[in-house]
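Report on the following structure.
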Amino acid sequence: MALRDILKEILAAAEADLKSATFKDLEQLKIKYLGRKSALSLALRQIKDLPDDERGPLGRLGNEIKQKISAMLEQFAAGQDHIVDDLDFTIPGIEPLMGHLHPITQTIGDLIDFFAGLGFSVAEGPEVETEEYNFDLLNIPPDHPARDMWDTFWVSRGKDSAHSTLLRTHTSPVQLRYMRESKPPIRIIAPGRTFRYEAEDATHSSVFYQLEGLMVDKGITLGHLKAVIDAMVKHILGDDVKTRLRPSYFPFTEPSFEVDVWFEGRWLELMGCGMVNPKVLENGGIDSSVYTGFAFGMGIERIIMAKYKITDIRNFYGTNFDFLKQF
Ligand code: FA5
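Just add 280 to wherever you are in the sequence shown, counting from 1, and you've got our numbering.
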């Protein structure tokens, strides 16, 4: 076959191949038509041996065909339709990293479920609280030394304690907010964030969570308080946990106690508790000659620390994924 016809056939074959090609054939077609060992390259090599009068026209034709095929391949490569045709968007990609609830949130959820089983519902109060609710109504007047214990972050100073605000130092103000809105029998828990201006260390954070509990009814005694706390602590820490009830003082309970748990060779304070001071019941609009009640306020991080043997509370507020991933 004459060289001219061979060249024309190569072009026709390239056009036909490209018509039925898909994107993944591109590399093979480049090799087939433009590669060093392609029919086109062989033909072009033969041209230089032709007599002078044929070499010129055939050389030009050969180059034109080569450029045409290159242009066709480039155009084909640029055709996005072919690329999209070949992509399967339903193939699963790299598995995304799944997050989960923070251990504090998990524990609050667990405690809400536990207390729901005992007939307690959940109450809430504001994190920016008035001085009146955080202190006065809880029987902590302005000159009371207990205020030093709960040195705090003030937000605004108003004309009186009802108009001065602070970041609440404990969840106990929720007791008053709830009592003033409802009548006994009362059975609530109030989990939430609390704030104290204090030096941080392995067991103290200036932002931490408490879970408040309040039960008010006729005939509530210290026995009820002990039974509820015992059941809660065993629910979280297991039946073998070693705890102690230690006499203490809070202006809003009488008598008052602290509950400690044995942790890493020492007693770790878990919560304060006691029988609601009659003055506080009256401040909540409840007749203290008819009703009695108990209350407690537990540090949520502390009970998680005891459960998982976490020795530094600051882990809860960091972004150390090795720590957080374990829960
Ligand atoms: C109170 O806050 C009382 N409102 C508790 C209470 C409620 C007593 C109802 C009686 C009746 P206290 O300051 O002891 O008490 O704090 C209670 C618990 O919060 C502590 O036992 C501890 O578990 C936790 N806690 C206190 N301060 C911190 C802190 N800086 N970081 C982490 N946890 C803390």
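Yeah, the Cβ is synthetic: ideal placement off N, Cα and C, and Gly gets one too.
#1: When you compare only the Cα positions, how much space is there between Tyr571 and Leu418?
#2: How big is the Cα-Cα spacing for Ser569 and Ile584?
#3: Following the continuous beta strand (DSSP E) through Asp540, name the residue where it begins and the one where it ends.
#4: Using the beta-carbon count (16 or more within 10 Å), is Gly503 buried or exposed?
#5: Take Lys522 and list the residues in its own chain whose beta-carbon comes closer than 6 Å to its own, dropping the five residues that flank it on each side.
#6: May I ask you to check if the CB of Ala575 is nearer than 8 Å to at least one heavy atom of the ligand FA5?
#7: Can you round the beta-carbon distance between Leu287 and Gly342 to whole angstroms, since I take them to be within the 8 Å contact cut?
#8: Could you have a look at Glu333 and say whether DSSP puts it in helix, strand or coil?
#9: Which value, in whole angstroms, describes the spacing of the CA atoms of His450 and Asp602?
#10: Per DSSP, what kind of secondary structure is Ala479 in: helix, strand or coil?
#11: Take the Cβ of Tyr413 as the centre, count every other Cβ of all protein chains shown within 10 Å, and call the residue buried at 16 or more, exposed below.
#12: Per DSSP, what are the beta-bridge partners of Val556 in this structure?
#13: Met578: beta carbon under 8 Å from a heavy atom of the ligand FA5?
#14: CB of His382 to nearest heavy atom of the ligand FA5: below 8 Å?
#15: My understanding is that Leu291 touches Ile327, with C-beta atoms under 8 Å, so please give their C-beta distance in whole angstroms.
#16: Cβ of His424 versus every heavy atom of the ligand FA5: is any distance shorter than 8 Å?
#17: Report the rounded CA-to-CA distance for Asp481 versus Asp431, giving the unit in angstroms.
#18: In whole angstroms, what is the alpha-carbon distance linking Leu322 and Tyr313?
#19: In this structure, does DSSP put Asp607 in helix, strand or coil?
#20: Using a threshold of 9 Å, state whether the C-beta atoms of Asp474 and Ser444 are closer than that.
#21: Is the closest heavy atom of the ligand FA5 to the C-beta of Met429 under 8 Å?
#22: My understanding is that Arg460 touches Gly564, with C-beta atoms under 8 Å, so please give their C-beta distance in whole angstroms.
#23: How do the region 532–551 and the region 457–471 stand: do at least 3 beta-carbon pairs fall below 8 Å, yes or no?
#24: Can you tell me which of Leu525, Ser318, Ala294 puts its alpha carbon nearest to the alpha carbon of Glu549?
#25: Within 10 Å of its beta-carbon, does Tyr477 have 16 or more other beta-carbons around it, so buried, or fewer, so exposed?
#26: Which residues does DSSP pair with Thr523 in a beta bridge?
#27: By the 10 Å Cβ neighbour count, where 16 or more other Cβ atoms means buried, how is Val556 classified, buried or exposed?
#28: Quick one: complete alpha helix (DSSP H) runs, 4+ long, within the region 299–379?
#29: Hey, out of Glu344, Glu544, Ile590, Leu298, whose CA is closest to Gly359's CA?
#30: How would you write the range of the beta strand (DSSP E) that Ala396 sits in, first residue to last?
#31: Using alpha carbons as the reference points, say which of Asp428, Thr302, Pro425, Pro421 lies closest to Ala442.
Reading off the structure:
#1: Taking the straight line from one Cα to the other gives about 17 Å.
#2: 38 Å
#3: From DSSP, the beta strand (DSSP E) with Asp540 extends over 533–543.
#4: exposed
#5: Trp542
#6: Yes, the beta carbon of Ala575 sits closer than 8 Å to at least one heavy atom of the ligand FA5.
#7: 6 Å
#8: Reading off the sequence, residue 333 comes out as Asp, not Glu. Asp333 falls in the helix class under three-state DSSP.
#9: 30 Å
#10: coil
#11: When all chains shown are included, Tyr413 counts as buried.
#12: Val556 is bridged to Thr533.
#13: yes
#14: no
#15: Not quite, the Cβ-Cβ distance comes to about 15 Å (not below 8 Å), so this is no contact.
#16: No.
#17: 16 Å
#18: 11 Å
#19: Checking the displayed sequence, the identity of residue 607 turns out to be Phe instead of Asp. If DSSP states are grouped into helix, strand and coil, Phe607 belongs with coil.
#20: The sequence given here places Thr at residue 474; Asp does not occur at that position. Cβ atoms of Thr474 and Ser444: not closer than 9 Å.
#21: yes
#22: 6 Å
#23: no
#24: Of Leu525, Ser318, Ala294, the residue nearest in Cα terms is Leu525.
#25: exposed
#26: Paired residue(s): Val541.
#27: Label assigned to Val556: buried.
#28: 306–314, 319–327, 332–358, 360–366
#29: Leu298
#30: Counting along the chain, Ala396 falls outside any beta strand (DSSP E), though it belongs to the alpha helix (DSSP H) covering 383–397.
#31: Pro421
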